[in-house]
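In full-length UniProt numbering, the protein residues as written are 42 to 433. For each residue, glycine too, the CB sits at the ideal point set by N, CA and C. Quick caveat: nothing in here was measured; it's all calculated off a predicted structure. In what follows, a structure is listed as structure tokens, so that the remarks can point back to it.
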Ligand code: CMC
């Protein structure tokens, strides 16, 4: 049966070669196709970053216009999908709805599920990037009992999402430029992060030749957990539970207690052991958004800042190299924009779809690609004699 390395959590296993994203966790560096996340977040919009991840280069102005045309062409979803939403309970978690609806896309778009055809693969990539905001916003509208809003193709990617979330047939949603910019920046900060759990899930699902819609649905499922994308929702719940800055110390103590499973949500990262560069940009954006909205004494921000300060000075967190991660401040921004907590992870999913599908594309085009098939250390019973029912 051959030898293999036992590596639970894959802490030292490289599963693929990739040219999409580079992370130096000790130095706090994140590059997409060689470009620093700081530059992309400050100077690009999300569609440019999507183009970069998918195609490998930043677009020229005409290329960007062409790409936007292609994406906006695909923003609507099949009309029959309305009925699919109707099958869910109104109080379903929007991530549950996303898992189902995205998986179901392969039942609607038969002309982009043949992964041996490069044209079909490209259409699937465009469809997924284009439709995800519509699918996510509709999950919210469904939970509210409001009519679905169709995409507006004259808006930017982020503006269009906010429009589908907050406009109604009776009233336009006036998108504030600062909020649209903040939303766009959050999408950029979540766009890709090399071989994290959900991306590895997409690759593993895709390695068997499964269609891209099914693979992205698998990624959404993996992202949902609180150790991964579900952390942004968990952070807001935690800050709300802490309730006031003077209770922060108690929660830090709880997080340090070996006998208490409680962890500070939004802290720690498998790869970043210095700081998460995305968290820095997120914190700055958070202050910008609250300033713009004239929110001066947001209690959750006060709690978050105190928590960050105390944790950063605490021996336990210093020794274990635990720093705020991308999810720590994003929830406060989402909340200020008016996005309900249950939608936070959906937003992560919609942004990460670009990374997932870029990595899926890379994998399919990789001549070294093989089906993903880890081994195991068997620790069950050795061979034993079968017992008939009356002897058990
Ligand atoms: N609060 C308190 N202690 C922690 C935390 C935390 N947030 N994170 C890790 N530790 C401790 C942990 O108890 C362990 O201690 P010991 O060595 O004494 O057993 C040590 O630090 C190492 O933790 P680990 O679980 O072995 O590390 P990991 O690389 O497997 O986990 C993580 C990384 C992100 C899952 C973890 O830090 C965590 O659960 N954080 C909270 C959830 C969170 O914020 N997730 C978002 C991650 S970033 C964006 C994303 O992927 O979505």
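Consider the C-beta atom of residue 363 and the heavy atoms of ligand 1; say whether any pair is separated by less than 7 angstroms.
At least one heavy atom of ligand 1 is nearer than 7 angstroms to the Cβ of residue 363, so yes.
Taking only the alpha-carbon atoms, compute the straight-line gap between residue 432 and residue 418 and give it to the nearest angstrom.
Residue 432 and residue 418 have their C-alpha atoms spaced approximately 30 angstroms apart.
For residue 336, the three-state DSSP class (helix, strand or coil)
Residue 336 falls in the coil class under three-state DSSP.
To the nearest angstrom, how far is the alpha carbon of residue 88 from that of residue 132?
Approximately 32 angstroms, taken between the alpha carbons.
Residue 398 (DSSP reduced to helix, strand or coil)
Looking at residue 398 - three-state DSSP - the assignment turns out to be helix.
Can you tell me where the alpha helix (DSSP H) holding residue 106 begins and where it ends?
In the DSSP assignment, residue 106 falls within the unbroken alpha helix (DSSP H) covering 102-114.
Is the segment 334-349 touching the segment 396-405 in the sense that three or more CB pairs, one from each, lie closer than 8 angstroms?
Flag = no, the segment 396-405 and the segment 334-349 do not touch.
Flag residue 298 as yes when its Cβ comes closer than 7 angstroms to any non-hydrogen atom of ligand 1, and as no otherwise.
No, the beta carbon of residue 298 sits no closer than 7 angstroms to any heavy atom of ligand 1.
Are there any heavy atoms of ligand 1 lying less than 7 angstroms away from the beta-carbon of residue 368, as far as the coordinates show?
Under cutoff, so the answer is yes.
Residue 254 beta carbon near ligand 1 (any heavy atom closer than 7 angstroms):
Checking the Cβ of residue 254 against ligand 1 gives no.
I believe residue 190 touches residue 387 by the beta-carbon criterion, under 8 angstroms. Please report the beta-carbon distance rounded to the nearest angstrom.
With 8 angstroms as the limit, residue 190 and residue 387 do not qualify as a contact, their Cβ atoms being about 16 angstroms apart.
Classify residue 123 as helix, strand or coil using the three-state DSSP reduction.
The DSSP-derived three-state label of residue 123 is helix.
Give the DSSP bridge partners of residue 212, in chain order.
Residue 212 pairs with 209.
Using DSSP with H/G/I as helix, E/B as strand and the rest coil, what is residue 48?
Looking at residue 48 - three-state DSSP - the assignment turns out to be coil, as it is neither helix nor strand.
Tell whether a beta-carbon distance below 8 angstroms holds between residue 107 and residue 223.
The answer is no: Cβ separation not under 8 angstroms.
Roughly how many angstroms separate the alpha carbons of residue 196 and residue 115, rounded to a whole number?
About 14 angstroms.
Take residue 155 and list the residues in its own chain whose beta-carbon comes closer than 7 angstroms to its own, dropping the five residues that flank it on each side.
Its chain contains 161 as the residues whose beta carbon lies nearer than 7 angstroms to that of residue 155, once the 5 sequence neighbours on both sides are disregarded; these appear in chain order.
Residue burial classification, residue 95 (beta-carbon count within 10 angstroms, cutoff 16):
Residue 95 is buried by the Cβ-count criterion.
Do you know offhand how far residue 218's Cα is from residue 296's?
Approximately 38 angstroms, taken between the alpha carbons.
Best match in 322, 341, 352 for proximity to residue 294 [C-alpha to C-alpha]
Minimum Cα distance to residue 294 is reached at 352.
Taking a contact to mean a Cβ-Cβ separation below 8 angstroms, would you say residue 392 touches residue 228 in this structure?
A contact, by the Cβ cut-off of 8 angstroms.
Residue 274 vs residue 184 beta-carbon contact at 8 angstroms:
At the C-beta level, residue 274 and residue 184 stay beyond 8 angstroms of one another.
Go ahead and label residue 43 buried or exposed: buried means 16 or more other beta carbons lie within 10 angstroms of its beta carbon, across all protein chains shown.
Burial is judged here by how many other beta carbons sit within 10 angstroms of a residue's own beta carbon; residue 43 has fewer than 16 and is exposed.
Assuming residue 264 contacts residue 239 under a Cβ cut-off of 8 angstroms, what Cβ separation, rounded to an integer in Å, is found between them?
Taking a contact as a CB-CB distance under 8 angstroms, the pair residue 264 and residue 239 counts as one, their CB atoms being some 4 angstroms apart.
In whole angstroms, what separates the C-alpha of residue 372 from that of residue 75?
So the alpha carbons of these two residues sit roughly 28 angstroms apart.
Where residue 226 and residue 124 are concerned, what is the direct C-alpha to C-alpha distance, given to the nearest angstrom?
Approximately 33 angstroms, taken between the alpha carbons.
Answer yes or no: do residue 246 and residue 255 have a C-beta to C-beta separation smaller than 8 angstroms?
Contact: yes.
Consider the C-beta atom of residue 305 and the heavy atoms of ligand 1; say whether any pair is separated by less than 7 angstroms.
True, at least one ligand heavy atom lies under 7 angstroms from that Cβ.
Going along the chain, which residues of its own chain have a beta-carbon closer than 7 angstroms to the beta-carbon of residue 331, five neighbours each way excluded?
Counting only residues of its own chain and dropping the five nearest sequence neighbours on each side, residue 331 has a CB closer than 7 angstroms to the CB of 339, 342, 377.
Between which two residues does the beta strand (DSSP E) holding residue 70 run?
70-73 is the extent of the beta strand (DSSP E) around residue 70.
When the distance is taken between beta carbons, is residue 326 closer than 8 angstroms to residue 380?
Against a cut-off of 8 angstroms, the Cβ pair of residue 326 and residue 380 comes out as no contact.
Hey, is residue 269 close to ligand 1, as in C-beta under 7 angstroms from one of its heavy atoms?
At least one heavy atom of ligand 1 is nearer than 7 angstroms to the Cβ of residue 269, so yes.
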